[in-house]
Amino acid sequence: MNEFQRQYIECSKRYREKEDADSVRALYALKESLEAESAPEAKRVLVDVYDLLDFKKSAYELFSALASKSDRKDLKRLGSLKEYAENWGDTFAVKCPKTPAKIKEESKREEGLPFFRYHPHPLETGVFQEVKEEISCDCCGKPTKIYYEGPFYGFHADSHFCPNCIASGEAAQKYDGEFQDPFSVDEGVSDPACLDELIHRTPGYIGWQQEHWRAHCGDFCAYLGDVGAKEMKLQGVLEEVLEDPMWDENEKQWIRESVNGGSMQCYLFRCLHCGKHMVWMDFD
8 MNEFQRQYIE CSKRYREKED ADSVRALYAL KESLEAESAP EAKRVLVDVY
58 DLLDFKKSAY ELFSALASKS DRKDLKRLGS LKEYAENWGD TFAVKCPKTP
108 AKIKEESKRE EGLPFFRYHP HPLETGVFQE VKEEISCDCC GKPTKIYYEG
158 PFYGFHADSH FCPNCIASGE AAQKYDGEFQ DPFSVDEGVS DPACLDELIH
208 RTPGYIGWQQ EHWRAHCGDF CAYLGDVGAK EMKLQGVLEE VLEDPMWDEN
258 EKQWIRESVN GGSMQCYLFR CLHCGKHMVW MDFD
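Remember, the numbering used here sits 7 above the position in the sequence shown when you count from 1.
See below:
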């Protein structure tokens with residue numbers, strides 16, 4: 008056993024046992040160190056790291072250059088990786104959890120943006136797009152480098168709105184529209200001001216089908232982004248999500264098997280009052 012294999016065995020064991028943020032960061036650190044190595048034995052271990060993190064295309068391409076055409080085990084693995092590479096690519100690779108420095112960097116990007124209670128990180132979730140060259144907001148006409156790229160139910164559904172026009176309600180009022188279908192929300196929110204804020208002054212999110220907004224403790228929840236089971240495990244919220252009485256046992260199993268970006272997509276929410284996490288899910 009060489010040193011590269013020893014490090015991989017140690018990191019992979021920890022990851023399989025815990026599947027937490029630290030174990031994923033350790034695998035990514037090993038990945039980066041192996042990518043800097045030129046020795047064939049390091050590259051073979053790098054294939055294992057790619058495979059474990061679901062970088063299937065990267066694993067196949069690298070192993071194609073390393074595999075022995077006279078070794079049955081190599082050929083069998085190459086065939087398996089090829090199938091995954093063609094069907095998955097690197098699309099479903101496990102993402103490296105953010106470091107405190109990365110979180111701080113993203114917070115700086117959001118400086119100057121209005122705060123949305125029900126969608127606190129719209130740049131991170133992707134409904135706000137950031138561009139290098141300014142475009143004009145279709146509501147106020149002012150130049151902006153950040154614009155909305157999510158659902159809008161009303162006239163001019165394909166308009167580009169700046170964050171301020173969404174937060175103020177001007178965009179919804181001017182075009183007589185809504186950012187969330189008021190009939191696709193959880194029951195239990197009695198204050199009409201909450202619904203008004205959600206549908207008229209909060210950026211929506213993009214789902215496979217009709218987007219649905221979760222509620223808890225008498226208020227709508229904060230939308231946190233698209234997730235699969237792996238992302239929920241890394242955040243330590245999967246078991247909490249599975250406690251939700253909304254889902255039957257079959258649906259809970261779907262959640263356990265969900266893959267971010269896959270045919271069955273989960274959307275993560277957090278209660279603004281008690282902090283409980285829950286999901287909505289739909290199919291493509």
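Ideal Cβ placement from N, Cα and C applies to all residues, glycine included.
Quick caveat: nothing in here was measured; it's all calculated off a predicted structure.
query = Can at least three beta-carbon pairs, one atom from the region 22-30 and one from the region 44-52, be found at a separation below 8 Å?
reply = With contact defined as three or more Cβ pairs closer than 8 Å, the region 22-30 and the region 44-52 are not in contact.
query = Exposed or buried, what is L82 when buried is set at 16 or more other beta-carbons lying within 10 Å of its beta-carbon?
reply = So L82 counts as exposed.
task = Kindly indicate the opening and closing residues of the beta strand (DSSP E) around K149.
result = Segment: none, K149 is in no beta strand (DSSP E) and carries neither H nor E.
ask   = From G268 to W95, what distance separates their C-alpha atoms?
value = Straight-line Cα distance between these residues: approximately 10 Å.
query = Do you know whose CA, among S77, V244, S265, D165, lies nearest D145's CA?
reply = D165 is the residue among S77, V244, S265, D165 whose C-alpha sits nearest the C-alpha of D145.
key: For L59, the three-state DSSP class (helix, strand or coil)   = Here DSSP, grouped into helix, strand and coil, assigns L59 to helix.
request  = Would you list the residues sitting across from L275 in a DSSP beta bridge?
outcome  = L275 is bridged to G232, V286.
query = CB-CB under 8 Å to R84, same chain, minus the five flanking residues each way: which ones, in chain order?
reply = Hits under 8 Å: F70, A74.
query = Near A33, which residues of its chain fall below 8 Å by C-beta distance, leaving aside the five closest residues on each side in sequence?
reply = Within the same chain, A33 has close Cβ partners C18, R21, Y22.
ask   = Is the number of C-beta pairs between the region 209-217 and the region 179-199 that are closer than 8 Å three or more?
value = Under the Cβ criterion (8 Å, minimum of three pairs), the region 209-217 counts as touching the region 179-199.
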